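Protein chains: 2
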Amino acid sequence: MSQDAPTYVMRPIGFVRSPYRDTSEIPKGPGAEHRAEGALALRPELEDGLQDIEGFSHLFVLWVFDRSSGYELVSTVPLDQETPHGVFASRSPRRPNPIGLSVVELLGRDGPRLRVRGVDMLDGTPILDIKPYLSGVPAEKVRRGWVAEAEARRKEKG
Amino acid sequence: MSQDAPTYVMRPIGFVRSPYRDTSEIPKGPGAEHRAEGALALRPELEDGLQDIEGFSHLFVLWVFDRSSGYELVSTVPLDQETPHGVFASRSPRRPNPIGLSVVELLGRDGPRLRVRGVDMLDGTPILDIKPYLSGVPAEKVRRGWVAEAEARRKEKG
Numbered sequence: 015m016s017q018d019a020p021t022y023v024m025r026p027i028g029f030v031r032s033p034y035r036d037t038s039e040i041p042k043g044p045g046a047e048h049r050a051e052g053a054l055a056l057r058p059e060l061e062d063g064l065q066d067i068e069g070f071s072h073l074f075v076l077w078v079f080d081r082s083s084g085y086e087l088v089s090t091v092p093l094d095q096e097t098p099h100g101v102f103a104s105r106s107p108r109r110p111n112p113i114g115l116s117v118v119e120l121l122g123r124d125g126p127r128l129r130v131r132g133v134d135m136l137d138g139t140p141i142l143d144i145k146p147y148l149s150g151v152p153a154e155k156v157r158r159g160w161v162a163e164a165e166a167r168r169k170e171k172g
Numbered sequence: 015m016s017q018d019a020p021t022y023v024m025r026p027i028g029f030v031r032s033p034y035r036d037t038s039e040i041p042k043g044p045g046a047e048h049r050a051e052g053a054l055a056l057r058p059e060l061e062d063g064l065q066d067i068e069g070f071s072h073l074f075v076l077w078v079f080d081r082s083s084g085y086e087l088v089s090t091v092p093l094d095q096e097t098p099h100g101v102f103a104s105r106s107p108r109r110p111n112p113i114g115l116s117v118v119e120l121l122g123r124d125g126p127r128l129r130v131r132g133v134d135m136l137d138g139t140p141i142l143d144i145k146p147y148l149s150g151v152p153a154e155k156v157r158r159g160w161v162a163e164a165e166a167r168r169k170e171k172g
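Chains as they are written, first to last, in the numbering used here: chain Z, 15 to 172; chain P, 15 to 172.
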């Protein structure tokens, strides 16, 4: 990438507590369900930023793939090992900016620590931001491209 | 924030083309609808990363609030000017890491340029990442905390 582009320096607002120590333990690919419980442990000095968060059932979490390095513009992913796809059309961790995005269910709060369900991050993952989940695209309007095709192929194969 | 935390340097993968030149032009607050058309103009050298993206109807866009500076842990926002809320319980631009998140509808692609509907970013906004939108939380399971309360209050007032 050209060197004259502006750059932005991000600092973690906290870290994920999760049962997963290795990426191999995280459910991936077709039918993967993320039901694991964990926590979003914020830096104590940021606790005031959580004011009124308890009223939301779900949160977006933006985090860093900190144990991944470099990126590939096109690669194969666990869901479809036959055909490579573009990095922006997949959730590959090897991205130009290694930011992950997860939706978690908020179970409760203890000061600067949020108890959540649905973590798919490694223990110790740096968190960049937390936002309230307000609404989604209606299911009937979502087209899921190669992901839907790969799932259908796998179903046919049984 | 403490200075010994790790930091991550992000570089834009491209820039938003939008009809909005000033934040005052962007629909905000209750009932705001984002129907504006625009484009996500990627750096040409990253075009291969878009392979197979045309199959998805909607995309997550992660971007930088580059015309905002500093952060406030608690502040008032357009939707509720009576009660301040925590930054992680709102979409305030003045965040510890000034990252924005939008869901846009993909209309088409011209090489490294994606035509999209639903931009709520300023023209020239730096893009950090694009991800396929795969599914949402069912509407009946989403609790929207103070946002729902503020909307209800405004409706009562007519």
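Virtual Cβ for every residue (Gly too), placed ideally from N, Cα, C.
All values derive from a computational prediction rather than experimental measurement.
### Query
Counting pairs of Cβ atoms below 8 Å between the segment 138–145 of chain P and the segment 99–114 of chain Z, do you hit three or more?
A contact between stretches requires three or more CB pairs, one per stretch, nearer than 8 Å, and the segment 138–145 of chain P meets this requirement with the segment 99–114 of chain Z.
### Message
Tell me whether the segment 74–93 of chain P and the segment 156–164 of chain Z touch, counting them as touching only if at least three CB pairs, one residue from each stretch, are closer than 8 Å.
### Response
Cβ pair count under 8 Å is below three, so no.
### Message
Taking its Cβ as the centre, do 16 or more other Cβ atoms sit within 10 Å of Z/S38, making it buried, or is it exposed?
### Response
By the 16-neighbour rule on beta-carbons within 10 angstroms, Z/S38 is exposed.
#### Entry: For Z/I67, three-class secondary structure by DSSP
Reduced to three states, the DSSP call for Z/I67 is helix.
### Task
Closer than 8 Å by C-beta to Z/L76: which residues in its own chain qualify, once you throw out the five before and the five after it? Chain order, please.
Within the same chain, Z/L76 has close Cβ partners I113, G114, L115, I141, L142, D143, I144 and K145.
### Query
Helix, strand or coil: how does DSSP classify Z/P58 here?
In the structure shown, Z/P58 sits in a helix (DSSP, three-state: H, G or I).
### Query
Using the C-alpha atoms, what's the distance from P/L64 back to P/R129?
Between P/R129 and P/L64, the C-alpha separation is close to 13 Å.
#### Entry: Distance between Z/P33 and P/S16 (C-alpha atoms, nearest Å)
For P/S16, the pLDDT reaches just 49, beneath the cut-off of 50, and the residue's location in the model is therefore unreliable, although a value from the coordinates is still provided. Each residue's CA atom was taken as its position, placing P/S16 and Z/P33 some 27 Å apart.
### Query
Given a threshold of 16 other Cβ atoms within 10 Å of its Cβ, counted over all protein chains shown, does Z/G122 qualify as buried or as exposed?
Around the beta-carbon of Z/G122, fewer than 16 other beta-carbon atoms lie within 10 Å, marking it exposed.
### Query
Could you give the residue range of the beta strand (DSSP E) that holds Z/K145?
P140 to P146 is the span of the beta strand (DSSP E), which, as asked, contains Z/K145.
### Query
The beta strand (DSSP E) spanning P/R167 covers which residue range?
For P/R167, there is no enclosing beta strand (DSSP E); the enclosing alpha helix (DSSP H) has its first and last residue at G159 to K171.
### Query
Does P/H48 come within less than 9 Å of chain Z when only Cβ atoms are used?
False, the Cβ-Cβ gap to chain Z never drops below 9 Å.
### Task
Could you tell me which of P/R108, P/P110 and P/L87 sits nearest to P/H99, measuring between CA atoms?
In terms of Cα proximity to P/H99, the closest of P/R108, P/P110 and P/L87 is P/L87.
### Query
First and last residue of the beta strand (DSSP E) that includes P/P98?
Counting along the chain, the unbroken beta strand (DSSP E) around P/P98 starts and ends at D94 to G100.
### Query
Exposed or buried, what is P/V23 when buried is set at 16 or more other beta-carbons lying within 10 Å of its beta-carbon?
It is exposed - the Cβ of P/V23 has fewer than 16 other Cβ atoms within 10 Å.
### Task
Using only alpha-carbon positions, find the residue among Z/I40, Z/A50 and Z/A55 that is nearest to Z/D124.
Nearest Cα to Z/D124 within the set Z/I40, Z/A50 and Z/A55: Z/A55.
### Message
Mapping the DSSP letters down to three states, classify Z/M15 as helix, strand or coil.
### Response
Note that Z/M15 has pLDDT 46, beneath the 50 cutoff, so the model's placement of it is unreliable and the number below is only indicative. Three-state DSSP puts Z/M15 in coil, outside helix and strand.
### Residue closest to Z/D36, alpha-carbon to alpha-carbon, out of Z/P20, Z/D137 and Z/A50
If we check each option's Cα against that of Z/D36, Z/D137 comes out closest.
### Task
Starting from Z/V161, find everything on chain P with Cβ-Cβ shorter than 9 Å and list it in chain order.
The contacting residues are G69, F70, P146 and L148.
### Task
Quick one: using the 10 Å Cβ neighbour count with 16 as the cut-off for buried, is Z/I27 buried or exposed?
That one is buried.
#### Entry: chain P residues whose Cβ lies nearer than 9 Å to that of Z/R123
Below the 9 Å Cβ cutoff, chain P contributes no neighbours of Z/R123, its closest Cβ being approximately 11 Å away.
### Task
Specify the secondary structure class of P/S104 as computed by DSSP and reduced to three states.
Here P/S104 sits in coil by DSSP.
### Own chain, CB closer than 6 Å to Z/D94, minus 5 neighbours either side, in chain order
Excluding residues within five positions, the ones whose Cβ falls inside 6 Å are A164.
#### Entry: Cβ of Z/M15 within 9 Å of any chain P Cβ
Unreliable positioning characterises Z/M15 in this predicted model, as indicated by a pLDDT of 46, which lies under 50. A coordinate reading is not provided.
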